[in-house]
Amino acid sequence: MKGIVFAFLAGAFITLQGVANARISDAIGTWQAATLTQLTGFVAAMLIFLFVRDGTAVQLKQVHPLYLMGGGLAAFVIFSNVTAIQHVGVTLTIASLLIAQLLFTFVIDGMGWFGVKKQKIRLPQIIGILLMAAGVVMLKM
Amino acid sequence: MAIGLFFAVAAGALVGMQNVFNSRVNERTGSWATTALVLGMGFAASLVMGLVFEGAGLFAPKPMEMWFWFSGLIGVGVVTCLVQGMKRLGPTFAVSIMMISQLSFALVWDTFGWMGLEKVPFTWQQLIGVLVIVSGIIVFKLGGAKEPNTETKTKRQAG
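Residue numbers (the numbering used here), protein chains in the order written: chain A, 78 to 218; chain B, -6 to 152.
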């Protein structure tokens, strides 16, 4: 039960984050909003890290540099997310975002890109994506 | 409309890719070390892009509201809740619930126009659309899944 509450809150926070970014962007500009929220988030995460110390520089050296830079994609994620929310609203943005996310992950898994263990494409995944696409069409009809 | 959908799809693909990269980092080190690194990289990239597009104008004084300074903490809330949720439910189930909650909140948000957002009037058709998407997520995530896939291993959105 507690786990469900946590997972539910995580989803609520992600939506809240998108809306907050859109609002801040309206007031001060999108790149400013991205820079500010990533900076304050970084400071907070760093403080927690200094307290829990759950990693070392040696561990990070074992990771391919490309993967270490993955966080940088957030700049483009925030820009795209905010632009989409401003144009089509929150529901359609999140719905399309989730489909693209699952579809792209599905392709990564199927192709075995980025050192991911190649996985067989399963029918339920195809049905799931088709259902989601049908849902988005209904949202916009 | 087309522009909005294009950016939403771009964001989704980037999030999917970022999750894979982040989980590669998280395999070697702890959740908070990963989160701090991810957000630090996000800050650096945003700063560079801001400077590229706006130059010194990036730092021009703007009408700031108090809460702008704290909204970055939402990301910390996401990580905390997700890590706790996955610990108790496993990644596949936790991420499914998270996605469903994300989408449901979006519909509620549009309906009420909270935080000065433009209201999108609620229609039954919208609710049905969301429910169909939710069923799609459930089928995709839980339909005959034996092993967790990459996306569900570590799900972290630093956006």
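For each residue, glycine too, the CB sits at the ideal point set by N, CA and C.
**Item:** Within 7 Å of chain B by C-beta, residues of the region 193 to 210 of chain A in sequence order
**Value:** Correct list: Val193, Gln196, Arg199, Pro201, Gln202, Ile204, Gly205, Ile206, Leu208, Met209.
**Asked** Does Gly212 (chain A) come within less than 8 Å of chain B when only Cβ atoms are used?
**Response** Interface residue, yes.
**Item:** Within-8 Å CB hit, Ala49 (chain B) to chain A
**Value:** By this cut-off, Ala49 (chain B) is not an interface position.
**Request:** Taking Pro56 (chain B) as the query, report the chain A residues whose CB atoms sit under 9 Å from its CB, ordered along the chain.
**Result:** Within chain A, the C-beta atoms nearer than 9 Å to that of Pro56 (chain B) come from Ala104, Ile105, in chain order.
**Extent of the continuous alpha helix (DSSP H) to which Ile206 (chain A) belongs** = In the DSSP annotation of this structure, the continuous segment of the alpha helix (DSSP H) that includes Ile206 (chain A) starts and ends at 200 to 217.
**Asked** List, in order along the chain, the chain A residues whose C-beta lies closer than 7 Å to that of Trp25 (chain B)?
**Response** Near Trp25 (chain B) (Cβ distances below 7 Å), the residues of chain A are Ala122, Ile125, Phe126, Val129, Asp131.
**Request:** Spell out a yes or no on whether the region 31 to 49 of chain B and the region 184 to 204 of chain A are touching, meaning 3 or more CB-CB pairs, one atom from each, closer than 8 Å.
**Result:** Contact fails: fewer than three Cβ-Cβ distances are below 8 Å.
**Request:** Anything in chain B within Cβ reach of Met215 (chain A), meaning under 7 Å, just list it in chain order.
**Result:** The answer, in chain order, is Gln118, Ile121, Gly122, Val125.
**Prompt:** Considering only C-alpha positions, which residue in the set B:Ile121, B:Leu100, B:Val123 is nearest to Val113 (chain B)?
**Reply:** Selection B:Ile121, B:Leu100, B:Val123 evaluated against Val113 (chain B) yields B:Leu100 as nearest (Cα-Cα).
**Item:** Length of the line joining the Cα atoms of Leu143 (chain A) and Thr116 (chain B)
**Value:** Roughly 44 Å between the two C-alpha positions.
**Message:** Can you look up Gly106 (chain B) in the DSSP assignment and give me helix, strand or coil?
**Reply:** In the three-state reduction of the DSSP assignment, Gly106 (chain B) falls in the coil class.
**Prompt:** Would you call the region -4 to 6 of chain B and the region 129 to 136 of chain A touching, i.e. three or more CB-CB distances under 8 Å?
**Reply:** They do not touch, by the three-pair rule.
**Request:** Could you list which residues in chain B have their beta carbon closer than 7 Å to that of Met146 (chain A), in chain order?
**Result:** Those are Met34, listed as they occur along chain B.
**Message:** Tell me which residue opens and which closes the alpha helix (DSSP H) that Leu77 (chain B) is part of.
**Reply:** Reading off the sequence, residue 77 (chain B) comes out as Gln, not Leu. Start and end: 66 to 82.
**Asked** Is the beta carbon of Thr168 (chain A) less than 8 Å from the beta carbon of Asp103 (chain B)?
**Response** In this structure, Asp103 (chain B) lies closer than 8 Å to Thr168 (chain A) by Cβ.
**Residues that Thr28 (chain B) contacts on chain A, provided the C-beta gap is smaller than 7 Å** = Within chain A, Ala122 have C-beta atoms less than 7 Å from the C-beta of Thr28 (chain B), given in sequence order.
**Item:** Sufficient close CB pairs (3 or more, under 8 Å) joining the region 36 to 47 of chain B to the region 111 to 127 of chain A
**Value:** Result yes; three or more Cβ-Cβ pairs closer than 8 Å.
**Message:** Tell me the rounded alpha-carbon separation between Met59 (chain B) and Phe98 (chain B).
**Reply:** For Met59 (chain B) and Phe98 (chain B), the distance between alpha carbons rounds to 24 Å.
**Message:** Once the 5 residues before and after Ala121 (chain A) are set aside, which same chain residues still bring their CB inside 8 Å of it?
**Reply:** Non-local beta-carbon contacts of Ala121 (chain A) in its own chain, meaning distances under 8 Å to residues more than five positions away in sequence, are absent.
**Message:** Give me, in chain order, the residues of the same chain whose beta-carbon lies closer than 6 Å to that of Asn142 (chain B); leave out the 5 immediate sequence neighbours on both sides.
**Reply:** Confidence is the limiting factor: at Asn142 (chain B) the pLDDT is only 48, short of 50, which leaves the residue's position unreliable, though a coordinate-based value still follows. Nothing listed; no residue qualifies.
**the region 120 to 127 of chain B in contact with the region 203 to 218 of chain A per 3-pair CB rule at 8 Å** = Yes: at least three Cβ pairs fall under 8 Å.
**Prompt:** Looking at Val13 (chain B) and Phe153 (chain A), is the spacing between their C-beta atoms short of 8 Å?
**Reply:** Their beta carbons are not under 8 Å apart, which means Phe153 (chain A) does not touch Val13 (chain B) by this criterion.
**Asked** Excluding five sequence neighbours on each side, which residues of the same chain lie with their C-beta closer than 7 Å to the C-beta of Leu135 (chain B)?
**Response** Within the same chain, Leu135 (chain B) has close Cβ partners Thr85, Ser89.
**Closest residue to Gly48 (chain B) among A:Asp186, A:Met78, A:Gly106, A:Val193 (Cα-Cα distance)** = Taking the Cα of Gly48 (chain B) as reference, the smallest distance to any Cα among A:Asp186, A:Met78, A:Gly106, A:Val193 is reached at A:Gly106.
**Asked** Any C-beta of chain A sitting closer than 8 Å to the C-beta of Met59 (chain B)?
**Response** Chain A contact via Cβ: absent.
**Message:** Run through chain B and tell me which residues come within less than 9 Å of Met218 (chain A), C-beta to C-beta.
**Reply:** Chain B residues near Met218 (chain A): Gln118, Gly122.
**Message:** With three or more beta-carbon pairs closer than 8 Å as the criterion, would you say the region 60 to 67 of chain B touches the region 15 to 31 of chain B?
**Reply:** The answer is no - the region 15 to 31 of chain B does not touch the region 60 to 67 of chain B, with fewer than three Cβ pairs under 8 Å.
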